[in-house]
Amino acid sequence: MPENPSRDEIVKARKEVYLGSVVAPRVESRKLFLFSLLCALALFPLLQVASGRFNYWLHMLLFTFLNVTMAASWNIIGGYAGYISLGHNVFSGIGGYVAGALLIFYGLSPFLTAPLAGVVACLFGLLFGLITLRTRGSAFIIATIALVLLTKLGLDNWELLGGTNGVSLPLLPLPARFVKLPFYYGMLLTAVGAVYLSYRIRHSKFGLGLRAIAQDETKAEVAGIPTSLYKILAFAISGFFPGMAGALWAYYLTYLRPTIYFAILGAAEIVLMVLLGGRGTVAGPVLGAVLLVAMNEFFVARFGSTELNIAGTGLLMLIILIFFPEGIVGTLRDRKKLPRLLDWG
Amino acid sequence: MLLEVENVTAGYGAGPNILDGVSLRIEQGKSYCIIGPNGAGKSTLLRTICGLLRPRSGRIIFKGEVLNNLRPDQILRKGICFVPQDRSLFPEMSVKENLLMAGYTLTNKQDLEQRIQTVFEIFPVLKERQSQLAQTLSGGEQQMLAMARALILKPDVIMLDEPSLGLAPLVAIQVFESIKKLKELGMTILLVEQNARKGLECADWGYVLDLGKNRFEGPAHSLLHDPQIEELYLGKRRGTRPQGKTRTLEQGVDGS
Amino acid sequence: MALLELNEVTKRFGGLTAVDRCSFTVEAGTITGLIGPNGAGKTTVFNLISGLLKPDVGKILFAGEEVNGKPPHLITRKGIARTFQIAREFEEMTVLENVITHSPTRGLPDLLKRSVLKEEREKAIALLEFVGIAHLAYEEARKLSYGQKKLLELACALMADPKLILLDEPAGGVNPRLLERIVEHIETLHRQGTTFLIIEHKMDLVMGLCHPVIVMAYGKVLAKGSPEEIQEDPRVLDAYLGAA
Amino acid sequence: MIQLVQVFLLGLTLGGVYALMASGLTLIFGVMRIVNIAHGAFILFAAYLAYWGFKLYQIDPMFSLLFTMPVMFLLGMGIYRLLFPRIAGSRRFTSMTVLLTFSLALIMEGVMGFLYSGIYRSANPPYTTRALLFGPFYLPLAQLYATLLSLVLLGLLFLFLRFTRTGRAIRATMQNRTAAQIVGVNVEQISTLAFGIGTALAGASGSMVSFLFTFFPAKHWQWIGTLLALIVLGGMGSLPGSVVGSFLLAVIAAYLGYFYGPTWSPITFYLALFLILLIRPEGLLGKKLEA
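Protein chains in written order, with our numbering: chain A, 4 to 348; chain B, 241 to 496; chain C, -5 to 238; chain D, 67 to 357.
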């Protein structure tokens, strides 16, 4: 190596290039933007209160929040730890059924029981993790598919909750003008929570360990990381916010039905969102969710066919996998063109 | 000149050069032994010649034709057979089927059957075991099957990578006997061997590699007694050798 | 008391006995060399010690405590670090993160801490400084040259302040100048009290650095002694060159 | 007692069809390490071919394999050539193949849904309503024919793999890819062929499915769930294992259906999958699950 007297300076310079965003003023502008975005989202319903003509937009936003929650949570196990789950909608389904059952049998509002639904989803994830995480690679993915099918089958046959036909939930007793508002705020909170959790994990020891597992599991184990524990924890944690979101979503839709909550297409879309945005990045899943909701809306409006929608989902996923496996954020970062706004690690 | 390796460099993936400018000249009908300490690049050299690894630079010329960019199956058809270190048998196929697979590039069934019979004559033990699965053979038998498999094609050059590896000494001796038999049959043999003494005994000419480079070469029998080789394997002696004094060693628990 | 002790350890793969009733000790404060021809079972011994494989028979004791059958991460926690023959790195992480991944965490609360703590960063930079690649700390690890990756492995191994370091061919694929540095580092660490067990094929290096040297062949320990003794032992030469 | 034997027979006569369905998937995994999530969709596509062949041209679905197999064979080879060489060197090959075939399954599901709508369909040649009676037992003819035909096809597959040069090359590639290269097998070519044969087997399965079950575009998920359980149980990449697994689970599922009602019988497959992952991840006859 060339003898360079100012190695300290080089280190510092490189560090600044790498951690550019950490240097004070820029962070402030990012934080400012985020803060204003949140404020705008929080204040948006006032328009609805005032005019009553924004129900469609409220619905779209709230649907986006749901997807952001799902994508950001999936990313914890699928992105950071590199364990692909093709059945992640199982968590929101379970959350929905838990909260729905509590509402029907005990009259407890899902707004109160949503965290509990999240915890149940978490425990479910823990159990699944204990069973399957000894396996790696394709066997794990197969197991996640089976998990959805198994859960669906179970609920299809659970007559108490309506079986295949499902069961309707009581409406939230509010006038049509306001009925979406509690859901909107609830889902917004869930999404913010999920993204914040994903951000915190990305920058924690835990996240470092998960990323190590994704890249070389044996080496990670020798580095002193209890890989099995990490994987099981990651899978369980990635179920919490989807469980909560599912509870709210079921109440919002006012019915429980296995075909809706346990469709493979649902799981596919979660995966697609993260792949589109960029696996293993913090901003990617958020970006992917927003883009996919917008695209879906555009195509459904255009062609109005759910069948072609399924084919489109598949085709888009195929194209991304072959041509942009790193997704938007990853590809931009590789080309060093990632805007600071999206660079959260 | 049957086979010429000219200044070849090669390595795995993005890794460093394992071969760092190696040259060989192989003549028809002679046998060669490549020796050198671990990490000298001996196995890598054979893998590069047979096409499992692409050379980064340099040329491999066989019968006047450059082989550099051919696939393994194409090189095989030119007449170079390779018996790798791990023997690469098909564990769940019978001995006979392994030999049938060896003749995969041949299309004449009767011819193939005849060649298998010829090979059985060279390795009678394989004939006895022809319907046994390859994974049930002993280590020495597996090595013989691997060599037999290469013979099916009557190749111009047969390359053997450490045929004695993992074999008990007595079995290794049998394997070396078989190699000598091949030599008597007039085969051109390129042998890589850790067991330098035995390997050189089977060869006409020896190449010594170290760290991916040619170190020196010479007639096999003269290399056998070259003090440089000992040094290569065990390092330079520090100080002069104490004469006539045997030191006692602390033995391992199972030391003999 | 020996820092590490293998007692009649055996490991079979299918029909092949890779390690066959192998016993040896590594005394604290030594740089012990482990040599032997290809296929002697050296790397398998490393995998057994670090817990990646479980012995079929036999015991492995570290500082008097039985560690065979424990998962690798627990063995690492007890103070055994290792490097791999072919350098393995977390390629999409920065060099610094690679080192810090090896920093021990205790209990669940530790998991929530920031991925790179200030004191860890300082320690890791100091280690990278020590092996001479601190200027690359914020590069992605996959961009390093092979030799630099070897140095990174060494820095990683040091992060948890191990009592014993297992080095698998530290000189493999490394140019002579870099090799000199690696040797210097090993000697420095040795003076500071770290024990080493080193698999190496460059005999000049082994003979200059290690004492004692253990020779393995056919999965067994053939001999153990000072470098000079090993060089004199006819059986060792036979193991390498084959019986005449 | 008679009932129990009857259930056993019914399960057994489905086992052959399951085995045929699983064999293609196993072949593809064994040779190329690709978990083909689209296999169920391939079967379904072929089932539609057979169905329309019956509806429009009155071709007996059993004979439809004369065209479903060649069509699927070519389709499979085309898809393989188009997609897989591009990801050959990718670092996370396994998960890439799963995601890729997963998206393929979605595409096929969508296209079939668009073309044929979500209506439940089933071909109904005359033998679907008849049964073979002997003593106190009966066997539905459709199920019997399908399983016999499946067994014949599996037998042909076995003979092909066992006694032909190409078949041997496929087995060789399954057992040791490098060794196959060393003896001169062009493994890329063999992989393409094996993928083609795998999908052709899906084609044949589709022909059987067309008159055995009712189907609709999203049905393939249920099948792929069943098939994945079968190949994990059999030990991934082991053909004998998947055949044994198929018969075993078909019979267990039949009993479960008999005791707890038909809607519960598919649960056999998923429970078996989790159980096997928990107890013996390498499967019944498999050696080691790849990392």
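Even for Gly, the Cβ is constructed at its ideal location relative to N, Cα and C.
Once you ignore the five residues that flank residue i on each side, which residues in its own chain have a CB closer than 7 Å to its CB?
i	result
residue 150 of chain C	92, 93, 96
residue 327 of chain A	334
residue 180 of chain C	25, 190, 203
residue 128 of chain C	119, 122
residue 172 of chain C	141
Here's a check: name, in chain order, each residue in its chain whose Cβ is nearer than 6 Å to the Cβ of residue i, leaving out the five neighbours to either side.
i	result
residue 130 of chain C	89
residue 171 of chain D	103, 104, 107
residue 301 of chain B	244
residue 167 of chain D	102, 103, 104
residue 179 of chain D	283
residue 306 of chain B	299
Out of curiosity, what's the CA-to-CA distance linking residue i and residue j?
i	j	result
residue 179 of chain A	residue 111 of chain A	22 Å
residue 464 of chain B	residue 227 of chain C	19 Å
residue 443 of chain B	residue 311 of chain B	29 Å
residue 436 of chain B	residue 461 of chain B	11 Å
residue 190 of chain D	residue 199 of chain D	20 Å
residue 113 of chain A	residue 98 of chain A	10 Å
residue 290 of chain B	residue 235 of chain D	19 Å
residue 269 of chain D	residue 138 of chain D	6 Å
residue 67 of chain A	residue 157 of chain D	32 Å
residue 64 of chain C	residue 197 of chain D	60 Å
residue 496 of chain B	residue 50 of chain C	At residue 496 of chain B the pLDDT is 32, less than 50, meaning the model places this residue with poor confidence; the figure from the coordinates comes in the next sentence. Their Cα atoms are separated by approximately 23 Å.
residue 240 of chain A	residue 125 of chain A	6 Å
Which chain E residues sit within Cβ distance under 7 Å of residue i?
i	result
residue 17 of chain C	Absent from the structure: chain E. Protein chains present are A, B, C and D.
Cutting at 8 Å between CB atoms, please list the residues of its own chain near residue i, excluding the five before and the five after it.
i	result
residue 24 of chain A	Per-residue confidence for residue 24 of chain A stands at a pLDDT of 44, beneath the threshold of 50, marking its modelled position as unreliable; no derived number is given.
residue 339 of chain D	294, 295, 298, 299
residue 348 of chain A	202, 205, 206, 284, 285
residue 295 of chain A	70, 272, 275, 276, 279
residue 382 of chain B	327, 329, 374
residue 39 of chain C	0, 3, 13, 16, 28, 210
residue 187 of chain C	23
Counting along the chain, where does the beta strand (DSSP E) carrying residue i start and finish?
i	result
residue 299 of chain B	297 to 302
residue 131 of chain C	Premise fails: residue 131 of chain C is in no beta strand (DSSP E) and is neither H nor E.
residue 197 of chain D	197 to 200
residue 17 of chain C	10 to 21
residue 321 of chain B	320 to 323
residue 204 of chain D	203 to 206
Per DSSP, which one or two residues make a beta bridge with residue i?
i	result
residue 189 of chain C	C:158
residue 121 of chain D	According to DSSP, which records beta bridges pairwise, residue 121 of chain D is partnered with nothing at all.
residue 44 of chain C	According to DSSP, residue 44 of chain C bridges with nothing at all.
residue 248 of chain B	B:262
residue 204 of chain C	Partner(s): none; residue 204 of chain C has no beta bridge.
residue 215 of chain C	C:210
residue 445 of chain B	B:272, B:459
If you follow the alpha helix (DSSP H) that residue i is part of, which residue opens it and which one closes it?
i	result
residue 150 of chain C	140 to 152
residue 462 of chain B	460 to 463
residue 137 of chain D	131 to 153
residue 287 of chain D	286 to 300
residue 334 of chain D	333 to 345
Examine the ligand SAM and report whether any of its heavy atoms sits within less than 7 Å of the Cβ of residue i.
i	result
residue 324 of chain B	What this structure holds is no ligand at all, so the ligand SAM is not there to describe.
Given 8 Å as the limit, is there contact between the segment 194 to 210 of chain A and the segment 103 to 111 of chain C, that is, 3 or more CB pairs closer than that?
-> yes
Looking at C-beta atoms only, is the number of pairs between the segment 286 to 300 of chain D and the segment 207 to 224 of chain C that lie closer than 8 Å three or more?
-> no
Do the segment 356 to 364 of chain B and the segment 383 to 392 of chain B make contact, defined as three or more Cβ pairs closer than 8 Å?
-> yes
How do the segment 273 to 285 of chain B and the segment 416 to 426 of chain B stand: do at least 3 beta-carbon pairs fall below 8 Å, yes or no?
-> no
Report yes or no: do three or more beta-carbon pairs, one from the segment 70 to 86 of chain C and one from the segment 37 to 51 of chain C, lie closer than 8 Å?
-> yes
Meets three-Cβ-pair contact criterion under 8 Å: the segment 315 to 330 of chain B and the segment 392 to 404 of chain B = yes
So, do the segment 302 to 322 of chain D and the segment 73 to 93 of chain D have three or more beta carbon pairs nearer to each other than 8 Å?
-> yes
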